[in-house]
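First residue of the sequence shown: 2, per the working numbering; consecutive thereafter. Note that CB positions come from ideal geometry on N, CA and C, so glycine has one too. Right, one structure below, let's go through it.
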Amino acid sequence: MKTVLSFLFLFLGVFSISSDKAQLVRDYIAAGNTNTFSEVAPFLDAGYKELFIDGSEEVKNLAHLQEMMAWRKVMQSQIELLDIKSKGDTVVTTEKHQNLLDSYLKRMPRTFKIKYVVEAGKIQQALIDTVPGYGQILRSNGEKLMAFHTYCHKNNLNVDFSRKPEGARSVLEALEQYSKR
């Protein structure tokens, strides 16, 4: 009987810790939708980074994330949580990402499977993978983005495509003009 009770308490404890980690990631995503760095920072370890499955970096460190969050705020980036699973120190989500660039260019939202590593109550890193069909979405979205780039070039629009807030503002101004063509 003691063995059964011990196992039950251990199971419930592990489940509770896993669900706490899943809730931490849910809260992080909700905070991320404010596009305000100060809202997401409490969820992240000082060494936080985001990597694609191929090893390329999306976010190098917290300073880089802060800069990208400012861009995301201008572009009104949003994440929709489609699925979440938690096991041990890992929380795996399926997320749909979109922003004003997608709206103006009528691009399809991008869906990713993201593995968050959570230790000591903080997200250490995010490992980003694509889902089936991503290549087709990427091609279609790329064609629409190239048409926009061509329009900007032909119309001598001074657009800064950097991931900085001033770059996002220049892209947004050009998108507004592009949508009226």
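- At a Cβ-Cβ threshold of 8 Å, L101 and L173 count as neighbours.
- If you draw a straight line from the Cα of H154 to the Cα of L176, it is about 13 Å long.
- Between A32 and V92, the C-beta spacing is not below 8 Å.
- Taken in chain order, the unbroken stretches of beta strand (DSSP E) that lie wholly in the region 30 to 76 and span 3 residues or more are 45 to 53 and 58 to 60.
- Annotated three-state conformation of R164 is coil, per DSSP.
- The continuous alpha helix (DSSP H) containing A148 extends over residues Y135 to K155.
- In the DSSP assignment, V119 is bridged to I124.
- By a beta-carbon distance limit of 8 Å, I138 does not contact L82. Their separation comes to about 19 Å.
- Between the beta-carbon of Y117 and that of V60 there is about 13 Å, and that puts the pair past the 8 Å contact cut.
- If you look at L83, you'll find it in the beta strand (DSSP E) that goes Q79 to K88.
- I80 is not a Cβ neighbour of H65, given a cutoff of 8 Å.
- Assignment of V132 by DSSP, reduced to helix, strand and coil, places it in the coil class.
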